[in-house]
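Take a look at the structure below.
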Amino acid sequence: MISFLRGKVIELGKTYIILDVNGVGYSVYLPTKAIDSLSDINNEVKEIGVYTQMFFNQREGTSRLYGFLKKEDLGTFDLLTSISGIGPKNAMHILSSIEIGELVAAVSKEDEGYLRKVSGLGPKTAKRLIVELKDIAKKPEFARFLQGNVANESEAIDALISLGYQKNMAIEAIRKISSKKKDVEEIVKEALKALSKK
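Going by my numbering, the letters in the sequence shown line up with residues 4 to 201, in that order.
Pasting the structure below:
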């Protein structure tokens, strides 16, 4: 079992990196937000460490190595893949679309509507996620994540989509701003400013 790798990024793809660890190249699949954070590499070789989890696909007879820059993201990935109906690819879509704090807050508030806006989650899976993670979300280590404004964020995402923005762009823009104690209109205005800078 490969649990951690440290090496130089020699290739940066849309969903993966190739990490040179002492002359051996490992293909490691990362959430897109982690890929984006490494996109400033350009031609410079950068050394990083990734926490990893390997999955074997019995049907295809292949294995994939999934990586995370933060240990808590690996923990969330493990939680997600422990839920029936959520495989590693779906879990990566979820982690690419939502921050751990947003996920915990939505599960804690049983906000199925918000979760259904997340890439990789259909209505049945969103319900299952709430049922299976509700008790976990109440643990003290997750308390710091329950300050979010999930209901208003959900409405703001809908508003941005109705203005013609793609769902992933809307979620990304709202993720970049602080929505605490803000109403829907304020969140939309700040998200539009963030989107206009792109």
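Even for Gly, the Cβ is constructed at its ideal location relative to N, Cα and C.
Cβ-Cβ distance between residue i and residue j below 8 Å
i      : j      : result
Glu102 : Arg178 : yes
Ala194 : Ala173 : yes
CA nearest to the CA of residue i, picked from the options
i      : options                      : result
Lys192 : Gln61, Leu166, Asp114        : Leu166
Gly28  : Thr35, Lys36, Lys11, Thr18   : Lys11
Asn60  : Gly104, Ser85, Gly16, Pro91  : Pro91
Ser42  : Phe58, Ile20, Gly26          : Ile20
Glu50  : Gly88, Ile13, Ala173, Val107 : Ile13
Ser66  : Lys200, Phe80, Ser30, Asn93  : Ser30
Gly88  : Thr128, Glu63, Leu72, Thr79  : Thr128
Asn155 : Thr18, Thr84, Gly116, Ser199 : Gly116
Lys200 : Leu15, Ala176, Ile190        : Ala176
Lys73  : Ala162, Ile190, Lys36        : Lys36
Leu136 : Ile86, Asn93, Lys17, Glu188  : Ile86
Ile180 : Leu124, Ile160, Ser40        : Ile160
Glu189 : Leu163, Lys170, Leu124       : Leu163
Inter-residue CB distance, residue i and residue j (contact presumed, cutoff 8 Å)
i      : j      : result
Leu68  : Tyr32  : 7 Å
Ile38  : Leu82  : No, Ile38 and Leu82 are not in contact; Cβ-Cβ is about 22 Å, not under 8 Å.
Asp114 : Ser157 : 7 Å
Leu118 : Ala109 : 5 Å
Buried versus exposed, by CB contacts within 10 Å (16 or more), residue i
i      : result
Val24  : exposed
Gly70  : buried
Lys120 : buried
Pro34  : buried
Ser111 : buried
Thr79  : buried
Glu63  : exposed
Glu105 : buried
beta-carbon residue i near the ligand HEM non-hydrogen atom, thresh 7 Å
i     : result
Gln56 : As presented, the structure is devoid of all ligands, the ligand HEM included, so that no description of it is given.
task = Tell me, please, whether the segment 129-138 touches the segment 94-114 by the rule of three or more beta-carbon pairs shorter than 8 Å.
result = The answer is yes - the segment 94-114 touches the segment 129-138, with three or more Cβ pairs under 8 Å.
task = Evaluate contact between the segment 6-20 and the segment 52-59, counting only Cβ atoms and requiring at least three cross-stretch pairs below 8 Å.
result = yes
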